[in-house]
Amino acid sequence: MRRPIIAMNFKNYINTESETTTLFKQMKQELTSLGNLDDMDVYLFPSMGSLHVARDIFEGSSISYGSQNIAPEKNGAFTGEYSIESLIDIGGDVVEIGHYERITLFNESRELINKKIKLTLENELTPLICVGSEETILEGNAFKEYMQDQLKSYFKGIIINETDNIVLAYEPAWAIGKKEAAPVEIVHNNHRLIREVLSELMGEQVAQSIHLIYGGSVSKENAGALVASKEVDGLFIGRFGHDPKNFREISKEIIMKKRSE
Ligand SMILES: O=C(CO)COP(=O)(O)O
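Residue numbers (our numbering): 5 to 265.
Take a look at the structure:
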């Protein structure tokens, strides 16, 4: 059984120590008010300069935190990058890799993403890998072909085991930063197709162990419908989770829908 996931990417929206401290304390309180979350995974990706705040507030709780990016190697000459050694040192256990903004704004190649996935798995952390970030709406065979190509290059030379904790976040570029999320039918169908591709590449058993979540303009209004499919293991929240009350509502939808399956 795959564990349901509540994930949130803060990008560079909330950056100061005081803002982050206030927000994280409120979010922790809101999540606590939802009861025991031992059957869920909560992954938060603060703005990189605020990781120490996440450590101070979430260490020892069931809320995990991680970095929005890492250097492709453990250490060395990578000016301006964040080392996985720092993340491990600060108690992080999840790494976001290959977000659409990393690809378009910072020219990340598939080869580089492949190295980051390898490094994360070698260090026994959880990679949360963004996929499907194409600019145009792709469905059916066109989407499947895109995914075959992307996943082949992302996992090149990597042997995946059922016991590895891997999360793929389907984040179509055309639904990021918008008013509305991708239509529910497209999300559910494309998740099914991603799983088919994973099965072809890695075998059914391994494919079934990989988590698939959706991201792109997730809100308290659309969260319930988006997670109402066994193919969707959770959501990757952005802007519409900045208000702790909205974050609570979105989390509640995920918890309710996944527990009732
Ligand atoms: O990119 C996202 C999560 O990684 C989604 O962001 P928005 O929800 O703000 O569109």
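Even glycine gets a Cβ: it sits at the ideal position worked out from N, Cα and C.
ask   = What residue does the beta strand (DSSP E) around Asn-13 start on, and which one ends it?
value = Your numbering for residue 13 matches position 9 in the sequence shown. It spans 9 to 13 - the beta strand (DSSP E) in which Asn-13 sits, taken as one unbroken run.
query = Does DSSP put His-215 in a helix, a strand or coil?
reply = The residue you call residue 215 lines up with position 211 of the sequence shown. In the structure shown, His-215 sits in a strand (DSSP, three-state: E or B).
ask   = Regarding Gly-70 and ligand 1, is the C-beta to nearest heavy atom distance less than 7 Å?
value = Taking the sequence shown and counting its residues from 1, one reaches residue 70 at position 66. No, the Cβ of Gly-70 stays beyond 7 Å of every heavy atom of ligand 1.
message = Any heavy atom of ligand 1 inside 7 Å of the beta-carbon of Glu-184?
response = Here residue 184 is taken as the residue at index 180 of the sequence shown, counted from 1. For ligand 1, not one heavy atom lies less than 7 Å from the Cβ of Glu-184.
Straight-line gap, Asn-73 to Thr-130 (C-alpha atoms, nearest Å) = What you label residue 73 is simply residue 69 of the sequence shown in a count that begins at 1. What you label residue 130 is simply residue 126 of the sequence shown in a count that begins at 1. Rounded to the nearest angstrom, the two C-alpha atoms are 12 Å apart.
inquiry  = Is it buried or exposed, Lys-120, if we count other Cβ atoms within 10 angstroms and call 16 or more buried?
reply    = What you label residue 120 is simply residue 116 of the sequence shown in a count that begins at 1. It is buried - the Cβ of Lys-120 has at least 16 other Cβ atoms within 10 Å.
task = Please classify Ser-264: does DSSP put it in a helix, a strand, or coil?
result = For this step, residue 264 is matched to residue 260 along the sequence shown. The answer is coil: DSSP assigns Ser-264 none of H, G, I, E or B.
inquiry  = For ligand 1, is there any heavy atom lying closer than 7 Å to the beta carbon of Val-191?
reply    = The sequence position of residue 191 within the sequence shown is 187, counting from 1. No, since every heavy atom of ligand 1 falls outside the 7 Å radius drawn around the Cβ of Val-191.
task = Taking only heavy atoms of ligand 1 into account, decide whether any of them is closer than 7 Å to the Cβ of Gly-220.
result = For the purposes of this step, residue 220 is identified with residue 216 of the sequence shown, where counting begins at 1. Gly-220: yes, Cβ under 7 Å from ligand 1.
task = Assign Pro-187 to one of three DSSP states: helix, strand, or coil.
result = Taking the first residue of the sequence shown as position 1, residue 187 is located at position 183. In the structure shown, Pro-187 sits in coil (DSSP, three-state: anything other than H, G, I, E or B).
request  = Pull up the CB-CB distance for Tyr-47 and Gly-70, whole angstroms please, since I reckon it's below 8 Å.
outcome  = The residue given as residue 47 occupies position 43 in the sequence shown. The residue given as residue 70 occupies position 66 in the sequence shown. 6 Å between Cβ atoms; contact.
key: beta-carbon Arg-114 near ligand 1 non-hydrogen atom, thresh 7 Å   = Working through the sequence shown from its first residue, we reach residue 114 at position 110. No, ligand 1 has no heavy atom inside 7 Å of this Cβ.
key: Beta-carbon gap between Leu-123 and Lys-78 smaller than 8 Å   = Indexing the sequence shown from 1 puts residue 123 at position 119. Indexing the sequence shown from 1 puts residue 78 at position 74. Cβ distance < 8 Å, so Leu-123 and Lys-78 count as in contact.
inquiry  = Can you find the residues in the same chain that come closer than 7 Å, C-beta to C-beta, to Leu-116, ignoring five residues on each side of it along the sequence?
reply    = Residue numbering aside, residue 116 sits at position 112 when the sequence shown is read from its first letter. Around Leu-116: Pro-76.
ask   = Would you say Gly-228 touches ligand 1, meaning its beta carbon is less than 7 Å from a heavy atom?
value = The residue you call residue 228 lines up with position 224 of the sequence shown. Not so, every heavy atom of ligand 1 lies at least 7 Å from the Cβ.
ask   = Can Asn-19 be considered in contact with ligand 1, in the sense that its beta carbon sits closer than 7 Å to one or more heavy atoms?
value = Stepping through the sequence shown from its first residue, residue 19 is reached at position 15. No; taking the cut-off as 7 Å, the Cβ of Asn-19 has no heavy atom of ligand 1 nearer than that.
Coil, strand or helix - Glu-257 by DSSP = To locate residue 257, count along the sequence shown from 1; it is residue 253. Three-state DSSP puts Glu-257 in a helix.
ask   = Taking C-alpha atoms, which residue in Ile-180, Cys-134, Trp-178, Pro-176 lies nearest to Phe-159?
value = The residue you call residue 159 lines up with position 155 of the sequence shown. Checking every option, the nearest Cα to that of Phe-159 belongs to Cys-134.
inquiry  = Taking only three categories from DSSP, how would you classify Pro-176?
reply    = Within the sequence shown, numbered from 1, the residue matching residue 176 stands at position 172. Of the three classes helix, strand and coil, the one that applies to Pro-176 here is coil, per DSSP.
task = Tell whether a beta-carbon distance below 8 Å holds between Ser-54 and Glu-21.
result = Here residue 54 refers to the residue found at position 50 when the sequence shown is read from its first residue. Here residue 21 refers to the residue found at position 17 when the sequence shown is read from its first residue. Cβ atoms of Ser-54 and Glu-21: closer than 8 Å.
key: With 16 other Cβ atoms within 10 Å as the buried cut-off, status of Gly-242   = For the purposes of this step, residue 242 is identified with residue 238 of the sequence shown, where counting begins at 1. Burial call: buried.
request  = Have a look at Lys-15 and Met-52 and give me their C-alpha separation to the nearest angstrom.
outcome  = Numbered from 1 along the sequence shown, position 11 holds the residue referred to as residue 15. Numbered from 1 along the sequence shown, position 48 holds the residue referred to as residue 52. Between Lys-15 and Met-52, the C-alpha separation is close to 8 Å.
message = Quick check on Val-57: does DSSP put it in helix, strand or coil?
response = For this step, residue 57 is matched to residue 53 along the sequence shown. Of the three classes helix, strand and coil, the one that applies to Val-57 here is helix, per DSSP.
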